[in-house]
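Student: I am attaching a structure below and will ask some questions about it afterwards.
And the structure:
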């Protein structure tokens, strides 16, 4: 899944540069039975797979907090 | 506003759209939505404040119909939308998917629909929830 998300992110990043829309910051993929929320940090992609009923706004709020905690741990 | 005429209105048959010449069931004048709930027109989406453009493209990225504000290239956007949705569907092995892509300058809604790929471009401070509701109604 990580490799697939990275591939999608690379494609999105290339397309975004092509349109001069700036860097990709985050994206949400909705498919039948699941929703994939991806938050782009400096060097990595933080991915959360949820059920379709989950609230993506709330997911991103918590994702940011978790990323901050990970950053603290990694120094 | 970019709009192309595909047929002479005077020659339009009852089964075909008078404006575009497509069969009424597939014309972008009214993108079909869930049964019994009418249709969503491009104008319904581009009318929302801070929406920069919307359109429908074929699966291979050619534009079918679009409405974009000045300075936004609908053909480039359509090609980008088709590319992203194709990679997503191929990677995740799914037949239907939608992507909301947040970039530094704008937000893109891309959705696979029956007739191809539907896309909306808007500013970061647009009402994304309202746009998503409209986009979700399109099948």
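Chains as they are written, first to last, in our numbering: chain D, 26 to 100; chain A, 64 to 202. Ideal placement from N, C-alpha and C gives every residue a C-beta, glycine not left out.
Which residue comes first and which comes last in the alpha helix (DSSP H) that contains residue 82/D?
Tutor: Start and end: 81-99.
Student: State the DSSP-derived secondary structure class of residue 72/D, mapped to helix, strand or coil.
Tutor: strand
Student: In angstroms with no decimal places, state the Cα-to-Cα distance between residue 117/A and residue 99/D.
Tutor: 42 Å
Student: With contact counted as at least three CB pairs below 8 Å, one residue from each stretch, are the segment 177-184 of chain A and the segment 48-56 of chain D in contact?
Tutor: no
Student: Are there 16 or more other CB atoms within 10 angstroms of the CB of residue 67/D, so buried, or fewer, so exposed?
Tutor: Residue 67/D should be labelled exposed.
Student: Name the chain D residues whose beta carbon is nearer than 8 Å to that of residue 193/A?
Tutor: The contacting residues do not exist; residue 193/A stays about 14 Å from chain D at best.
Student: What runs of the beta strand (DSSP E), each 3 residues or longer, lie entirely inside the segment 99-143 of chain A?
Tutor: 114-120 and 126-131
Student: According to DSSP, residue 29/D sits in a beta bridge with which residue or residues?
Tutor: Residue 29/D is not bridged to any residue.
Student: Report the neighbours of residue 93/D on chain A: residues whose CB is nearer than 7 Å to its CB, in chain order.
Tutor: Within chain A, no residue comes near residue 93/D; the closest Cβ sits about 19 Å away, beyond 7 Å.
Student: Between which residues of its own chain and residue 135/A is the CB-CB distance below 8 Å, once the five residues before and five after are set aside?
Tutor: 115, 116 and 184
Student: Looking only at DSSP bridge pairs, what is residue 59/D linked to?
Tutor: Under DSSP, residue 59/D takes part in a beta bridge, and its partners are 56/D.
Student: Below 8 Å on C-beta distance, what does residue 139/A contact in chain D?
Tutor: 43 and 44
Student: I'd like the list of long-range same chain contacts for residue 62/D, defined as Cβ closer than 6 Å, with 5 residues on each side in sequence excluded.
Tutor: 53, 73, 81 and 84
Student: Of all Cβ atoms in chain D, is any one closer than 8 Å to the Cβ of residue 130/A?
Tutor: no
Student: Name the two residues that bound the continuous alpha helix (DSSP H) containing residue 47/D.
Tutor: No alpha helix (DSSP H) holds residue 47/D; DSSP gives it neither H nor E.
Student: Which residues, in chain order, does the segment 160-177 of chain A contribute to contact with chain D at a C-beta distance below 7 Å?
Tutor: 160, 161, 162, 163, 164, 165, 166, 167, 168 and 169
Student: Taking C-beta to C-beta, are residue 150/A and residue 33/D nearer than 8 Å?
Tutor: yes
Student: Considering residue 198/A, what are the terminal residues of the beta strand (DSSP E) in which it resides?
Tutor: Here residue 198/A belongs to no beta strand (DSSP E); instead the alpha helix (DSSP H) covers 191-200.
Student: So which of 153/A, 193/A, 103/A and 132/A has the shortest CA-CA distance to residue 28/D?
Tutor: Cα-wise, what sits closest to residue 28/D is 153/A.
Student: Suppose the cutoff is 6 Å on Cβ atoms and the five residues either side in sequence are ignored; what does the same chain contact list for residue 99/A look like?
Tutor: With a pLDDT of only 47 at residue 99/A, under 50, the local geometry of the prediction cannot be trusted, and the value read off the model is given with reservation. Result list for residue 99/A: empty, nothing under 6 Å.
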